[in-house]
Amino acid sequence: MCRLLLCGATGLVGREVLRMALQLDSLHEVVALTRRPLPAHPRLLNPVVDFERLPAEAEWWRAEAAICTLGTTLRDAGSQAAFRRVDVDYVLAFARLARAGGARAFALASSLGADAASRNFYLRCKGEAEQAVQALGFPSLTLVRPSLIGGERERRRPLEQAGMRVLQALAPCLPRRYRVVPAARIAHALLRAALTATTGCTVIASEQLQLPT
Ligand SMILES: NC(=O)c1ccc[n+]([C@@H]2O[C@H](COP(=O)([O-])OP(=O)(O)OC[C@H]3O[C@@H](n4cnc5c(N)ncnc54)[C@H](OP(=O)(O)O)[C@@H]3O)[C@@H](O)[C@H]2O)c1
């Protein structure tokens, strides 16, 4: 494979995807679209973009595979509409241009419980994003659905951290699917899916991302 597109590279999971991808000699170039610049690397192309106006004509959309780890929180977004704009519309805009550029494989960081028919707004958005990407017809699509994601964040998220502490304390008694998943394991699953490009739609559930105990 020559070129991989990545969206969300400044985030917890995206940072790990980028770190792993840049270590692979088989990848000639990683194109990471961000809204703030990343540290330079000889194999990294880092278009700093406005996700409201993605540059559809750019040459670098021509890639073999794409990974999306984009997402916000209701708190950061400020409203349900603004959250939806990022977690559904931006994801779809990226996927659409990746598909138009020829990507055959797409791997999406979604969520445990993602369901377009859910009564929960967050899970409904995640399910809608999955469905919309599925409709684009990538020959290989992988939906990774983690539970709470573990790792060091640039900014503290007190509620999430409290939830994480509870889940970690209860981990031995919890079903695997509800345990915290380290960001690196999600990144690894996304990258492997994008590079192997298994035909069809594959769902990777949270329990499949856990280390064997
Ligand atoms: N947190 C969890 O425990 C959890 C659990 C299940 C699923 N998920 C989902 O898994 C995915 C990855 O999670 P994560 O924890 O790695 O996310 P994260 O650390 O919050 O990173 C999100 C990425 O999206 C970008 N982004 C957010 N809002 C944006 C906007 N308005 N315009 C452009 N870029 C924007 C961020 O860019 P900036 O750095 O510029 O903000 C960052 O690169 C997300 O879709 C998340 O919803 C998360």
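Per the working numbering, the sequence shown starts with residue 19, numbered consecutively. Note that CB positions come from ideal geometry on N, CA and C, so glycine has one too.
Query	Result
R163, enclosing beta strand (DSSP E) - first and last residue	S158 to R163
Euclidean distance between Cα positions of E75 and A118	10 Å
Spatial neighbours of T216 in its chain, beta-carbon cut-off 6 Å, leaving aside the 5 residues before and after	S158
Alpha-carbon spacing of Q149 relative to L110, whole angstroms	10 Å
Per-residue burial, A121 [other beta carbons within 10 Å of its own, 16 or more giving buried]	buried
Residue of A81, P57 and D68 minimising C-alpha distance to L22	A81
DSSP three-state assignment for G168, whether helix, strand or coil	strand
Cα-Cα separation between I204 and R54, rounded to whole angstroms	23 Å
Counterpart residues of R21 in DSSP-defined beta bridges	E47
Sequence-distant residues of its chain with Cβ nearer than 7 Å to M38 (five each side left out)	A205, H206 and L209
Local Cβ density within 10 Å of F139, reported as buried at 16 or more and exposed below that	exposed
Extent of the continuous alpha helix (DSSP H) to which C143 belongs	F139 to Q152
Assumed close pair R61, L40 - CB separation to whole angstroms, cut-off 8 Å	6 Å
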